[in-house]
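Numbering (the working numbering), first residue to last: 22 to 609.
Cβ coordinates follow ideal geometry from the N, Cα and C atoms, glycine included.
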Ligand code: M6R
C-alpha cells in the first residue's frame with residue numbers, strides 16, 4: 022500500500038526524500054509526490070506514475086528545504102490522477118499531508134467541512150485531513166493534528182507539515198510508521214527500508230500515538246495528549262540486504278537467498294521452540310491465520326500438524342476470521358503468520374482474538390512490525406528484507422518453522438531439526454544455474470498457455486494453491502491449484518489437449534493417488550509436468566526435487582517460484598511489482 026516519508030534535517034531533504042520513495046516502490050505505486058517547506062512557502066510537486074517518472078516530469082529533485090514529506094500512492098479512494106496524488110493541502114496551502122490507510126467516515130467529514138466553507142481539490146479521503154487540521158489550527162499545529170486524528174475512523178497513518186513549523190507531525194492507528202534516528206536528520210516512514218541507507222536506529226510509533234519529529238522527537242498518546250517515553254532499537258537488517266546487488270530482479274535474488282534462509286529460519290533456540298510446543302500442547306484449540314501466501318502456509322500447517330503431531334489445528338484466512346472469532350477464548354492459541362507483520366486483516370484478527378483473552382503467537386519476518394509487537398510471543402523468520410511483491414523466501418521460512426513446530430509438538434524436535442537442516446542443504450545444492458536453465462526451458466514450452474493447473478495431495482494441496490498464486494501474480498497467467506482427488510469432481514472439464522498441469526509429488530503414502538490423478542489429466546491430453554523426487558512414465562516434463570519427506574512442501578515450491586519468475590520474464594511482466602498488487606496490504 023502507500024509508502025510515506027517525512028524528513029526533518031539540518032541539510033536539504035529533497036534528495037533523501039526521493040531516494041526514500043524509490044526504496045518504497047516495492048510496496049506498490051501508481052502516483053507520487055513530495056512537499057517541502059521553503060522560504061516561507063509549501064512547495065508541492067506530484068504526478069501519475071512511479072516516482073522516477075514523476076521526477077522526470079516535474080523535477081521532484083529540484084524541491085529544496087529542510088523539512089519535507091513524500092508519498093507513493095496505491096489508489097483506494099479516488100482514481101489514479103494528478104489531483105488525487107499526495108500531498109494534499111488545506112484551503113490556504115499552509116498545511117500538507119501524506120496518508121496511508123482509509124478514512125472510513127470521510128464522506129461524512131467532507132460534507133461537514135464543505136458546509137463549513139472548505140474547498141476540496143481531489144476525490145480522495147485523505148484531503149479531509151489537512152482541512153480538519155486547518156479547522157483546529159487556532160489550538161496550534163500539534164493539537165490540531167491530534168484533534169483531526171481523533172475525528173478519523175479506520176486504520177490510518179499520516180504525516181503532516183505546516184508552513185511555520187520546523188517539524189513534521191505524524192500520527193497512526195493501524196497503518197505502520199517508524200521513526201529513524203539519523204545523524205542530523207530524523208525520518209518517519211511506513212517502512213524501515215526507506216531510511217536504512219542512513220540509520221538502523223529506530224523508534225516505533227504505536228497505535229493511538231503521534232510524534233513531533235524534530236531534533237529530539239516527542240511522542241504523545243493521541244487520546245490523552247500525554248507524553249510517551251520511547252526506546253531506541255537497533256534493527257538487525259543492513260542496507261545491503263535490501264538491495265538487488267548483481268541480480269536483475271529482487272524476485273530472483275530472494276529465490277536464490279533460500280540457499281540460506283531456510284537454514285536461518287530453523288536456527289532458533291531449542292528452548293524457545295519447546296516452550297511454544299508446550300503452549301500448543303496445552304491449548305485446547307489452536308488456530309492459524311494469515312492472508313494470501315501466508316494463508317496457504319497456515320493451510321499446509323493444518324496437514325503437517327495432523328500428520329506429524331497427530332493434532333488438529335483450525336485454519337482461517339484472516340479476512341474471514343470474524344466469522345469464527347466467537348469460538349476462541351482465553352484457553353485458545355492463535356498462530357498468525359505474516360511476512361510484513363503489517364497486513365491489516367491479520368492485525369485485526371489478532372486484535373479481536375486478544376480481546377477474547379486468546380494468546381497470540383506470530384511467525385513474522387519484519388522485526389518490530391505491528392504483528393511482532395502486538396503478539397504475546399513472536400518467532401522471527403530471519404529471511405531478511407523481502408522486496409518483491411511475490412513472497413518466496415519468507416514463505417519457505419514460514420513452512421520450515423511450521424514443520425519444525427509440528428515436530429516439536431510431537432516431542433521430536435531433534436528429528437525435525439535434522440530433517441530441515443538436511444533440506445536446507447539440499448535447497449542450497451538445488452539452486453544452481455543448470456536447474457535454473459531446466460526451469461527456463463519448461464517455461465518456454467508453456468508461457469503462451471492461457472491456463473495452468475496445479476494439483477497436490479496432503480500438505481502439497483495448499484502448496485498447489487500457493488503455486489497458483491505465484492504463477493498468477495508474477496506472470497498474469499490464469500492458474501488454479503486443486504486437491505488431486507477433486508479433479509474429477511469438476512476441474513477436469515477444463516483440461517484440453519496441451520493444457521499444462523503441474524503435479525506436485527512427495528515420496529510418501531499419497532504418491533500413488535496423485536500419480537493416478539496425473540493419469541486422469543494425461544488421458545484428456547493435458548501436458549503433465551511432474552515436480553517429484555523421481556521421474557515417472559506419466560510425466561511429459563519432469564523437474565527433479567530432493568526427496569524431503571515431511572518437508573516436501575518446501576522443496577516442491579522452489580521450482581514453482583523459479584517457473585513463475587521465468588514465465589513473467591517471457592511474458593514481459595513487471596516481476597518485482599506486479600500490476601494492481603502491493604507488498605504490504607495495510608488496508609482491509
Ligand atoms: O505480509 P504478509 O505475509 O502478511 O502478506 C500476506 C499476503 O498479502 C501475501 O502473502 C501476498 O499474497 C503475496 N503477494 C504473495 O506472494
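Check: residue i C-beta below 7 Å from any heavy atom of the ligand M6R
{"i": "residue 494", "result": "yes"}
{"i": "residue 605", "result": "yes"}
{"i": "residue 360", "result": "yes"}
{"i": "residue 476", "result": "no"}
{"i": "residue 490", "result": "yes"}
{"i": "residue 500", "result": "no"}
{"i": "residue 462", "result": "no"}
{"i": "residue 367", "result": "yes"}
{"i": "residue 214", "result": "no"}
{"i": "residue 312", "result": "yes"}
{"i": "residue 315", "result": "yes"}
{"i": "residue 395", "result": "no"}
{"i": "residue 410", "result": "yes"}
{"i": "residue 364", "result": "yes"}
{"i": "residue 602", "result": "yes"}
Where the alpha helix (DSSP H) through residue i begins and ends
{"i": "residue 172", "result": "162-172"}
{"i": "residue 156", "result": "149-156"}
{"i": "residue 437", "result": "434-451"}
{"i": "residue 250", "result": "Careful: residue 250 lies outside any alpha helix (DSSP H) and carries neither H nor E."}
{"i": "residue 577", "result": "573-591"}
{"i": "residue 66", "result": "Counting along the chain, residue 66 falls outside any alpha helix (DSSP H), though it belongs to the beta strand (DSSP E) covering 62-69."}
{"i": "residue 422", "result": "414-430"}
{"i": "residue 309", "result": "Taken as a continuous stretch (DSSP letters only), residue 309 belongs to no alpha helix (DSSP H), being part of the beta strand (DSSP E) at 307-311."}
{"i": "residue 391", "result": "391-395"}
{"i": "residue 280", "result": "279-287"}
Residue i: first and last residue of the uninterrupted beta strand (DSSP E) it sits in
{"i": "residue 553", "result": "548-553"}
{"i": "residue 36", "result": "Here residue 36 belongs to no beta strand (DSSP E); instead the alpha helix (DSSP H) covers 35-44."}
{"i": "residue 564", "result": "562-565"}
{"i": "residue 177", "result": "177-183"}
{"i": "residue 335", "result": "335-338"}
{"i": "residue 56", "result": "52-59"}
{"i": "residue 407", "result": "Premise fails: residue 407 is in no beta strand (DSSP E) and is neither H nor E."}
{"i": "residue 401", "result": "398-401"}
{"i": "residue 132", "result": "Element bounds for residue 132: not the beta strand (DSSP E) but the alpha helix (DSSP H), 127-136."}
{"i": "residue 461", "result": "Counting along the chain, residue 461 falls outside any beta strand (DSSP E), though it belongs to the alpha helix (DSSP H) covering 454-467."}
{"i": "residue 632", "result": "No answer is possible for residue 632: it lies beyond the span of the chain, which begins at 22 and ends at 609."}
{"i": "residue 332", "result": "Where residue 332 is concerned, there is no enclosing beta strand (DSSP E), given that its DSSP letter is neither H nor E."}
Exposure label - residue i; buried when at least 16 CB within 10 Å
{"i": "residue 414", "result": "buried"}
{"i": "residue 409", "result": "buried"}
{"i": "residue 244", "result": "exposed"}
{"i": "residue 177", "result": "buried"}
{"i": "residue 544", "result": "exposed"}
{"i": "residue 363", "result": "buried"}
{"i": "residue 183", "result": "buried"}
{"i": "residue 42", "result": "buried"}
{"i": "residue 603", "result": "buried"}
{"i": "residue 478", "result": "buried"}
{"i": "residue 14", "result": "Since the first and last residues shown for the chain are 22 and 609, residue 14 lies out of range."}
{"i": "residue 538", "result": "buried"}
{"i": "residue 146", "result": "buried"}
{"i": "residue 348", "result": "exposed"}
Inter-residue CB distance, residue i and residue j (contact presumed, cutoff 8 Å)
{"i": "residue 2", "j": "residue 342", "result": "Nothing can be reported for residue 2, as the shown portion of the chain is limited to 22 through 609."}
{"i": "residue 406", "j": "residue 262", "result": "5 Å"}
{"i": "residue 547", "j": "residue 520", "result": "5 Å"}
{"i": "residue 398", "j": "residue 297", "result": "7 Å"}
{"i": "residue 525", "j": "residue 475", "result": "7 Å"}
{"i": "residue 209", "j": "residue 180", "result": "6 Å"}
{"i": "residue 389", "j": "residue 254", "result": "6 Å"}
{"i": "residue 114", "j": "residue 35", "result": "Residue 114 to residue 35, Cβ: 19 Å. No contact."}
{"i": "residue 422", "j": "residue 380", "result": "Rounded, the Cβ-Cβ distance is 18 Å, inconsistent with contact."}
{"i": "residue 580", "j": "residue 460", "result": "6 Å"}
{"i": "residue 260", "j": "residue 217", "result": "5 Å"}
{"i": "residue 215", "j": "residue 45", "result": "5 Å"}
{"i": "residue 279", "j": "residue 448", "result": "6 Å"}
Min CB distance residue i to chain E below 8 Å
{"i": "residue 540", "result": "Among the chains in the structure shown there is no chain E, since it carries only a single protein chain."}
Just list the beta strand (DSSP E) runs in the segment 346-388, keeping only unbroken ones of 3 residues or longer that don't cross its boundaries, in chain order. 354-359 and 380-385
Quick check on the DSSP output: what are the complete beta strand (DSSP E) runs of length 3 or more inside the segment 471-536, in order along the chain? 472-477, 499-504 and 521-525
Beta strand (DSSP E) runs contained entirely in the segment 76-106, provided each spans 3 or more residues: 88-94
Threshold first: 3 residues or longer. Then list the beta strand (DSSP E) segments lying entirely within the segment 212-271, N to C. 222-225, 230-234 and 239-242
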